[in-house]
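Report on the structure given below.
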Amino acid sequence: MAGFSRIDEQLRSAFWRKSYPQGVREEVDVPDVMYHELAMSSLRSRGGAPCCFFAGSVVRCSEILDYSLRFASFLRSRGVSEGSRVGLVLPNSPQFIVAYLGILMAGGTVVPMNPLYKSSELRYIVTKSGTVGMVCLDLFYGEVSEAIKDTSVGFVAVSNIADLLPPAKRVLGRLLKKVPSAPVKAGEKVYLLRDALRHRPLSEGEVFRGRPAESWAAICFTSGTTGLPKGAVLTHRNLVANIHQSYEFAKTVLSGEERVLAVLPFFHIYGQTAIMGMSLAFGFSMVVLPRPDLGEILRAIERYGVTIVFGVPALYNAMVTSPNFRREIFSSVKLCVSGADKLHPEIARRFEDATGLKIVEGYGLTETSPVTHLNPPASPRIGSIGLPLPSTYAWIFKLDSDEPLQVGEVGELAVSGPQVMWGYLDDPESNRQVFFEMFGRTWLRTGDIAKMDEEGFFYILERRKDLIKYKGWSIYPAEIENIVLRHEAVKAAAVVGVPDIEVGERVVLFLAPKTEYRGRISEKEIIEWCRRNMPVFAVPSAVFIKDELPVSMTGKVLRRVLREEAIALLKK
């Protein structure tokens, strides 16, 4: 019981806050406002300032506010009201921002969807969420129209990527065939965004005002890596809280007018909150890129003087290993944040050596809006996800139980705070599995194996589902990957476990070589190198070399795809 009492005391004191950077508050005062009200206030005060740079043009704050109010008016005319769910199938663009804010202003709930999904995947989300309307790019209309047949969807608003560009640029782009499009005609239940934006804007008094802690802002579906995707319900308070919590750390290295690289997809919660949400709330300008083209990313950082980069490990690695990389490209950058996947220490060192900038690793989940942990921006610890954000509590619990562990022990990370979701949509069994009560708080199990040190810094060892069991050994793929990345020829690496009746699981390594080493290294050479550089039980039993590893739109390695590929290859 003495140990339990000590843990209770450590939690109550939130001892990790002693490690906070100077000027960071221990608790944040979450304003009692809706997400769109927070954005409206900032957009109104900034007026003619740039909200986003897109396709060589500037879209100003006053324009985004006006378009959003007009789109909200259109949605009201289509019957959207409090609680109505409207799907978004759009790439990063001013239209995404306008549609997102417009849905909330009308009282609806946003259901963001991956634009790369096929009709069957879209249909699952539409059906599961009870979506009543859709907003999509004309290029995606074919999949969307197929997905919504015989569903609750009553209308579709279709946009061309150039809809919010200046008229002259829009016309010239189409004449020169530089604007991709798939012409869609207005018809029954089908509306063009440019027509929708001709509606009169909602007045201040017509904008929806609900209870932030109870009103649903978004239903974000998880990636479905452990089964069918689940809809994480996020309230306005969840999102507003996380924007302010994250800014508490970010502000320690920011100084004024900021320009944020907006290449991570807005349909993902990382892009929605860290990039779009924080920019709208605190007056940052976004450099919006609709597709993750490496050359375009590097050019945009330099051209627009980007000061904040929100990225993923694969992006940071790709930028500094690109033949187009130059150190001076990053001369304007103040802050580089990494999330959505584990940052291997070797990638962090590689990036710092190349640019002189430290990557600030953070951590979060779709279910936590998403950020729960972040490193001190001026002094990040390589290998750590950092400290719990203000107003956030975190602890390590024994696997498969609610027993709290001592500092330094390895178990499952659980978190508690105002950013934690309302719950999974229509899924009481999953809610029972992930939530539990302890120390007077409601905790969310993250599914990640982790530990914390005496100063309150947390370390993710592995996703629980990715842990490999080999002859009784517990093998963490991330540890093997980090060792392999030290090889001079390796650009990217991923380790998966493949079921084996004799040893439990076989360790299989996939790697992508640097461009100049393609065709110059062999699987046998890599296995021999591994034998010299890692414990015998961790040495991969098979190595497969690919030009590139498969990744999601957020840059996360698709281990499920690699695991299936490994099983097929090993059968041959």
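For the sequence shown, numbering that gives the first Met the number 0 begins at 0 and goes up steadily by one.
No residue lacks a Cβ here, since even glycine has one placed at the ideal position from N, Cα and C.
Beta-carbon to beta-carbon, Arg258 and Phe281 are separated by about 13 Å, too far to satisfy the 8 Å threshold. Taking the CA atoms as reference points, Ser400 sits about 14 Å from Glu408.
Annotation: the continuous alpha helix (DSSP H) that includes Tyr99 extends over 93-105. Relative to the Cα of Leu279, the nearest Cα in the group Ser41, Gly22, Ala261, Glu504 belongs to Ser41.
When DSSP assignments are scanned along the stretch 395-428, the uninterrupted stretches of beta strand (DSSP E) that are 3 or more residues long and fall wholly within it turn out to be 410-415. Here Arg462 has Gly446, Asp447, Ile448 as same chain residues with Cβ atoms under 8 Å from its own Cβ, once five neighbours each way along the sequence are excluded.
Separation of the CB atoms of Leu364 and Ser128 is rounded to 19 Å, and the pair is thereby denied contact status at 8 Å.
With fewer than 16 other Cβ atoms inside 10 Å of its own Cβ, Gly46 counts as exposed. In the structure shown, the three-state DSSP call for Arg558 is helix. For Asp28, there is no enclosing beta strand (DSSP E), as DSSP marks it with neither H nor E.
For Asp447, the enclosing beta strand (DSSP E) begins and ends at 440-451. Of the other Cβ atoms in all chains shown, 16 or more fall within 10 Å of the Cβ of Phe329; this residue is therefore buried.
In the structure shown, Ile520 adopts coil according to DSSP, grouped into three states. Buried is the label assigned to Pro289, since at least 16 other Cβ atoms lie within 10 Å of its Cβ. Ranked by Cα distance from Ser180, the options Ile296, Trp394, Gly141 are led by Gly141. Here the alpha carbons of Ile358 and Glu351 stand approximately 7 Å from one another. Judged by DSSP secondary structure, Pro344 falls within the alpha helix (DSSP H) whose first and last residues are 344-354. Here DSSP, grouped into helix, strand and coil, assigns Pro20 to coil. When the alpha-carbon of Asp499 is set against those of Asn430, Lys570, Ile482, Gly204, the nearest one is in Lys570. Fully contained in the stretch 288-368 are the following alpha helix (DSSP H) runs of length 4 or more, in chain order: 293-303, 312-320, 344-354. Residue pairing by DSSP puts Pro387 in a beta bridge opposite His372.
Counting only runs of 4 or more residues that sit fully inside the stretch 179-240, the alpha helix (DSSP H) segments are 192-195, in chain order.
Per DSSP, reduced to three states, the secondary structure at Phe265 is coil, with no helix or strand assignment. Comparing C-alpha distances from Leu10 to each of Ala413, Val85, Ser44, Val535 shows the shortest one belongs to Ala413.
Assignment of Glu81 by DSSP, reduced to helix, strand and coil, places it in the coil class. Linking Cys60 to Leu196 through their CA atoms gives a straight-line distance of about 16 Å. Taking the Cα of His35 as reference, the smallest distance to any Cα among Gly106, Ala13, Ser4, Ala146 is reached at Gly106. It is roughly 8 Å from the alpha-carbon of Leu466 to the alpha-carbon of Gly496.
Asp292 has its alpha-carbon roughly 33 Å from the corresponding atom of Val131. The criterion of a C-beta distance shorter than 8 Å is satisfied by Gln418 and Asn241.
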